[in-house]
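Asker: If you read the protein sequences in the order shown, they are chains E and C. Mapping to the numbering used here: the first sequence position 558 is 575, numbers consecutive. Mapping to the numbering used here: the second sequence position 175 is 185, numbers consecutive.
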Amino acid sequence: MTLTSVCRRLATLSVSRPRTTVLIGALLALVAVAFAAKGLRLETSNLDLIDGELEPVRAFRDFADEFGTTNLLVVVLEGEDESALATAARRLGPLLRRSPGVRAVLDRLELDAETLDSLGVDEFLMSYDHELFFLFVQPDEPHASLDKLAPFVEGVQATLATADLDSLGVRAGLTGLPQYAVDDRDAVRRDITVLSGLAAFLVATLFVLGFRTAKRPLLALLTLLIATGWTVGVVTLVPGHLTLLSAFFASILFGLGIDFGIHVVARVEELRRDGAATGVTEKEAVVTAVSALAPALTTSAATTAAVFFSMLASGFRGFEELGLIAGAGVLLCLIATIVLLPALLALGSQRGESPTRVSVGARTTPSRSSRLGNVLVRLCRPAVASVIVGLALLGALSEGPGFDSDYLNLQPRDSETVRLERSMVERSDLSPQFAAFVTDDRDEAEELTDRLLDEETVGEVHSIVDLDELVDDDGEPLPVAESYRRSLESAAGRYAVYAYPEGDVWEPTIRDRFLERMQAIDADVTGMPVLGRFMVERTHRALRITAGLGSIVLLLFVFADLRRPALVLLATAPTFLTVGALHGLLRLIGVSWNPIDIMALPIVLGIAVDDGVHLVHRFLEERGDLRRTLAGAGRSVVLTSLTTVAAFGSLALASHRGLRSFAIVTSLGVSTALVLSTLVLPMLLLAYKRLRPAVLDAVPKPEQTVLPRLS
Amino acid sequence: MRKLLVLPWLSLLFVAAAHGSPGAAGNSFDRQHEEPVRRAYIPSDDRVHGELRLLRRGDSWVLQTALWSKRLRRGVQRIDKKERYYWRPENEGYADSERYRQDLARAKQLVVEAFEDGAEENDDPRQQLLIEFVLGPCDGKRCEASYALYAVELEEGDEGWAIQRATPIVERAASSAYVRRAMRIQAEEGFGEVPAEIGGALDVE
Chain E
18 MTLTSVCRRL ATLSVSRPRT TVLIGALLAL VAVAFAAKGL RLETSNLDLI DGELEPVRAF
78 RDFADEFGTT NLLVVVLEGE DESALATAAR RLGPLLRRSP GVRAVLDRLE LDAETLDSLG
138 VDEFLMSYDH ELFFLFVQPD EPHASLDKLA PFVEGVQATL ATADLDSLGV RAGLTGLPQY
198 AVDDRDAVRR DITVLSGLAA FLVATLFVLG FRTAKRPLLA LLTLLIATGW TVGVVTLVPG
258 HLTLLSAFFA SILFGLGIDF GIHVVARVEE LRRDGAATGV TEKEAVVTAV SALAPALTTS
318 AATTAAVFFS MLASGFRGFE ELGLIAGAGV LLCLIATIVL LPALLALGSQ RGESPTRVSV
378 GARTTPSRSS RLGNVLVRLC RPAVASVIVG LALLGALSEG PGFDSDYLNL QPRDSETVRL
438 ERSMVERSDL SPQFAAFVTD DRDEAEELTD RLLDEETVGE VHSIVDLDEL VDDDGEPLPV
498 AESYRRSLES AAGRYAVYAY PEGDVWEPTI RDRFLERMQA IDADVTGMPV LGRFMVERTH
558 RALRITAGLG SIVLLLFVFA DLRRPALVLL ATAPTFLTVG ALHGLLRLIG VSWNPIDIMA
618 LPIVLGIAVD DGVHLVHRFL EERGDLRRTL AGAGRSVVLT SLTTVAAFGS LALASHRGLR
678 SFAIVTSLGV STALVLSTLV LPMLLLAYKR LRPAVLDAVP KPEQTVLPRL S
Chain C
11 MRKLLVLPWL SLLFVAAAHG SPGAAGNSFD RQHEEPVRRA YIPSDDRVHG ELRLLRRGDS
71 WVLQTALWSK RLRRGVQRID KKERYYWRPE NEGYADSERY RQDLARAKQL VVEAFEDGAE
131 ENDDPRQQLL IEFVLGPCDG KRCEASYALY AVELEEGDEG WAIQRATPIV ERAASSAYVR
191 RAMRIQAEEG FGEVPAEIGG ALDVE
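The following block contains the structure:
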């Protein structure tokens, strides 16, 4: 039994029992969603994205458990009057300590002016020019989960709002990773809310322009919704939760899964239109379309899923889970397209259609859709194709766009949080990002403090040694807040030493130099910069593994379908040329890869291989008739690409630069794949036809069997 | 009389020589012609980590900061922060201040390393550094100006701490605007005022 015959049987069954099929499909989706509502967890910590057993993650968690987290929020007070800033800091400290979720506040030394003067120490943490005062606020949530951090940050924001600092001429703002996490959430939420409307409008417009009707595309969309519901159920079973990364799976499915439906709907329209004279029914057209498209749909779905599954080897838990979920989702979309969409289309068709028969693969006469084919044929010129291939190869050989690991470059350009952090780093030797060491005894802490103070890459050091200076005239220790002491000396009798980088630790060269020195001093050093770089390295590695492994599995699946090496090369040429061209294009427009863009890669590969496979299959089916190939599959390829560009491209207007970069990479990749598939691949196909006419002649003629009358 | 510290002088001299001594400005250490004008412990009489002295040396005014502390690194870091506070990029003398901060970091490093190399021989855990700002001689309002950093050996005497030996680490000419303002700030912080004896010498040209 061939794949085509299996699909035909499933589609036939579906259109024969449309109500039952839809009912079962919808019911399954409802059960899955209900199951998810009860059992699906949302893990919102960045630490959930990575294997907790890896040494840097374990060290970070252990430190947080012993001394409190190093993931601190920093209140920055700005003003020109130092005494007003001092008043504001004194006022805020006690208020912040009462704020929900606050474990400790490092704001000032609570000593009288005479003692401070006598000690020669500053009361506050300040910038060099004394125009910025800093209050470090430590959350009691040690493991950085957003659902706990968000109320903590909002509580601090509310405290600032009620502290009446304006009357002192003091401006207050927040920086540090907890604030970035909340900024990310708000920016992504705001951008997606606003831009998803634009995306929906653009996609709907494309549907109407492409199909001249909304009914069938809407049914394809409904199929996708139901398949997404099924996927949610699978996610609830394995892995049982969503993370900050895998929560994007629905967007990815909407970008990729709709393509299967578009191919079917376009083919149904084509069959209905071309078979109008013979009165072909909707059901017959649906079964015919699914049967004819079965190999191409299956191959493109399998390759896309395989590329996602290749993320399982990425070594980055966030991408592994996203790969698993999105891969499974793509396969479920394929099943829904073959089983459920025919039933929906059958139900959606008008009753009383003429029961005329139609032959699968019967040649159709050129019609409206062939206008697009004609346009594409006119555009297909060897010179044009050569130039495009040349540029793509040039892009592939170019230096490439590099990898931007500066997290602040993902934030909105006018981000207040970024401005405050940059000001803090530039105008003081403090930073929200610092390295944290643990020593077993006090002497070791003292030695380490001295060593760090000698380091050029270190701006400031805090440790238990600081407390040695805080003694009265008799040499007795002066009182300090217990929480402050606990951040320096744990209940277990061990000591923490904190080293603040000299310069902007987000700048990769400064960060690498700082961390290289810190790790040379103690390989077990932890802190946000250590963990941050580790995560960035892991995502970079994930990108390389996904690209490499994804390409191999992609080739294997296409080979399993087409069998002939030359055809495999033809079908995958747009994909590999797209990756090369994208490399150069990103460099040209000054966009670097970033950790979020890794999600764009499987989408671009998925769409590109989808384009190639569909065009090659149709070319074979049409026995080398390029005009008919482009009029049929070409139209679907253009529509699927444009809807993906519209859906993801609208995010290019996002304020969140990470989201914007993802949108640009995805749109550019999909557009490049479209250009290569419609302007270059046809030339290659014609060349193949000239070189190997026998292969096309050997393609089995479409079955001329007459479909049974379907009611 | 108690000897504060025996530094491994020879190694320090080698290290200082190896690093060179930029732009000597005629402010060589000369105790024979010094006349003390004012002195004060820093940061306070209760907690002594050093001493500030105003001297007359020939035709020059000299403001000396002698630091002796178990935590010299921290003391130098505080001086560094003050420099950054008082000299912002738009201030005249900013470039001098930048150079001074670099020289100070280098001098601190040499002193601390020399101290740690000879840690077993030292009978006192305090590290020592001498900083001098020198203004003069003057021709009208135009004055020669410089600063210098020394590794020193101090001894406690009847008249307070006396410098027994000093090895120059850096001697550098600087703008008189920078040196005048630096001396004024240090005097105000250390003595609580600009001593009357120095009169208008610290006024801006």
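Where is the CB? At the ideal position from N, CA and C, for every residue including glycine. Predicted model only: the values in this text are computed from it and were never measured.
Put C:GLN87 into one of helix, strand or coil per three-state DSSP.
Answerer: C:GLN87 falls in the helix class under three-state DSSP.
Asker: Cβ closer than 8 angstroms: which chain E residues qualify as neighbours of C:ARG111?
Answerer: Chain E residues near C:ARG111: none, gap ~11 angstroms exceeds 8 angstroms.
Asker: Let's test the definition: count the other Cβ atoms within 10 Å of the Cβ of C:HIS43 and tell me whether it reaches 16, buried, or not, exposed.
Answerer: Counting Cβ neighbours within 10 Å, C:HIS43 comes out exposed, since fewer than 16 surround it.
Asker: Do three or more CB pairs link the region 327 to 343 of chain E to the region 389 to 402 of chain E at distances below 8 angstroms?
Answerer: Touching, no, given that fewer than three Cβ pairs across the two stretches are closer than 8 angstroms.
Asker: Against chain C, does E:ARG440 count as a neighbour if the rule is that its beta carbon must be under 9 angstroms from one of theirs?
Answerer: Rather than Arg, the amino acid found at residue 440 of chain E in this sequence is Ser. Not an interface residue.
Asker: Does E:GLY96 get closer than 9 angstroms to chain C when you measure Cβ to Cβ?
Answerer: It does not; no Cβ of chain C falls within 9 angstroms.
Asker: Report yes if the CB atom of E:SER415 is closer than 9 angstroms to the CB atom of E:ARG604, and no otherwise.
Answerer: Result yes, Cβ atoms of E:SER415 and E:ARG604 sit closer than 9 angstroms.
Asker: Does the distance from the CB of C:ARG111 to the CB of C:LEU145 come in under 9 angstroms?
Answerer: Not a contact, by the Cβ cut-off of 9 angstroms.
Asker: Measuring only the C-alpha atoms, how far is E:VAL375 from E:GLU299?
Answerer: Low confidence applies to E:VAL375: its pLDDT is 43, below 50, so where it sits in the model is not reliable, and the reading given next is rough at best. Each residue's alpha carbon lies about 11 angstroms from the other.
Asker: What does DSSP give as the partner residues of E:LEU739 in its beta bridges?
Answerer: The question about residue 739 of chain E has no answer here: the residues shown for chain E are numbered 18 through 728.
Asker: When the Cα of E:LEU737 is compared with those of E:VAL687, E:LEU20, E:ALA680 and E:LEU696, which residue comes out closest?
Answerer: In this structure chain E extends from 18 to 728, so residue 737 of chain E is not present and cannot be described.
Asker: Considering only the beta carbon of each residue, do E:GLY629 and E:SER694 sit closer than 9 angstroms?
Answerer: Yes, Cβ-Cβ distance for E:GLY629 and E:SER694 is below 9 angstroms.
Asker: Whole angstroms are fine: how far does the CA of E:ALA101 sit from the CA of C:GLY36?
Answerer: Any reading at C:GLY36 must be qualified, since the residue scores a pLDDT of 42, below 50, and its modelled position is unreliable; no value is offered.
Asker: Beta carbons nearer than 7 angstroms to chain C: which residues of the region 414 to 441 of chain E have them?
Answerer: If the cut-off is 7 angstroms between Cβ atoms, the region 414 to 441 of chain E has nothing near chain C.
Asker: If you follow the beta strand (DSSP E) that C:CYS153 is part of, which residue opens it and which one closes it?
Answerer: Segment 152 to 167, the beta strand (DSSP E) holding C:CYS153.
Asker: Closer than 8 angstroms by beta-carbon distance: list the chain C residues that pair up with E:ASP129, in chain order.
Answerer: Here the premise fails: no neighbours, minimum Cβ distance about 13 angstroms.
Asker: Report buried or exposed for E:MET545, applying the criterion of at least 16 other Cβ atoms within 10 angstroms of its Cβ.
Answerer: E:MET545 should be labelled buried.
Asker: Listed from N- to C-terminal order along the chain, which residues in the region 136 to 149 of chain E have their beta-carbon within a distance smaller than 7 angstroms of any beta-carbon of chain C?
Answerer: Listed in sequence order: LEU136, GLY137, TYR145, ASP146 and HIS147.
Asker: Can you grab the Cα-Cα spacing for the pair E:GLU148 / E:ALA409, in whole Å?
Answerer: About 53 angstroms.
Asker: Under the three-state reduction of DSSP, which class applies to C:PHE52: helix, strand or coil?
Answerer: Per the sequence shown, residue 52 of chain C should be read as Ile rather than Phe. Strand, per DSSP.
Asker: Is E:PHE265 helix, strand or coil when you go by DSSP?
Answerer: Residue state, collapsed to three classes: helix.
Asker: Under a three-way DSSP split, which group does E:SER376 fall into?
Answerer: Confidence at E:SER376 is low in this model, with a pLDDT of 45, below 50, so its placement is unreliable and no value can be given for it.
Asker: Whole angstroms are fine: how far does the CA of C:PRO178 sit from the CA of C:LEU120?
Answerer: In a straight line, the C-alpha of C:LEU120 is about 11 angstroms away from that of C:PRO178.
Asker: Out of E:TYR705, E:GLY675, E:GLY686 and E:ARG707, which one is the CA nearest neighbour of E:ARG209?
Answerer: Looking at the sequence shown, residue 209 of chain E is not Arg but Ile. Per the Cα distances, E:GLY675.
Asker: Beta carbon of E:ASP421, beta carbon of E:SER609: below 9 angstroms?
Answerer: Yes; because the gap between Cβ atoms is below 9 angstroms, this pair is in contact.
Asker: Quick check on E:GLY565: buried or exposed, where buried means 16 or more other Cβ atoms within 10 Å of its Cβ?
Answerer: Result: exposed.
Asker: Buried or exposed for E:GLY597, please, with buried defined as at least 16 other CB atoms from any protein chain shown within 10 angstroms of its CB.
Answerer: It counts as buried.
Asker: Since C:TYR95 meets chain E, which of its residues come closer than 7 angstroms, beta carbon to beta carbon?
Answerer: TYR145, ASP146 and HIS147, listed in chain order.
Asker: Threshold first: 4 residues or longer. Then list the alpha helix (DSSP H) segments lying entirely within the region 214 to 300 of chain E, N to C.
Answerer: Listed in chain order, the complete alpha helix (DSSP H) runs (minimum 4 residues) inside the region 214 to 300 of chain E are 232 to 254 and 266 to 291.
Asker: Identify each residue in the region 111 to 125 of chain C for which the Cβ-Cβ distance to at least one residue of chain E is less than 9 angstroms, and report them in chain order.
Answerer: Per Cβ criterion, the list reads ALA115, LYS118, GLN119, VAL122 and GLU123.
Asker: For E:LEU470, would you say it is in contact with chain C, using Cβ-to-Cβ distances shorter than 9 angstroms as the test?
Answerer: It does; some Cβ of chain C falls within 9 angstroms.
Asker: Could you compute how far the alpha carbon of E:ALA267 sits from the alpha carbon of E:VAL119?
Answerer: Between E:ALA267 and E:VAL119, the C-alpha separation is close to 35 angstroms.
Asker: Between E:ASP276, E:GLU338, E:ALA204 and E:ALA49, which lies nearest to E:LEU358 when the distance is taken from Cα to Cα?
Answerer: Out of E:ASP276, E:GLU338, E:ALA204 and E:ALA49, E:ASP276 has the C-alpha closest to the C-alpha of E:LEU358.
Asker: Suppose contacts are defined by Cβ-Cβ distances below 9 angstroms. Is C:SER107 in contact with C:ALA192 by that definition?
Answerer: For C:SER107 and C:ALA192, yes; Cβs fall inside 9 angstroms.
Asker: Of the residues E:PRO168, E:GLU639 and E:THR661, which one's Cα is nearest the Cα of E:PRO699?
Answerer: E:PRO699 has its Cα closest to that of E:GLU639, out of E:PRO168, E:GLU639 and E:THR661.
Asker: Quick check: the Cα distance between E:GLU493 and C:PHE143, rounded to an integer number of angstroms?
Answerer: Approximately 36 angstroms, taken between the alpha carbons.
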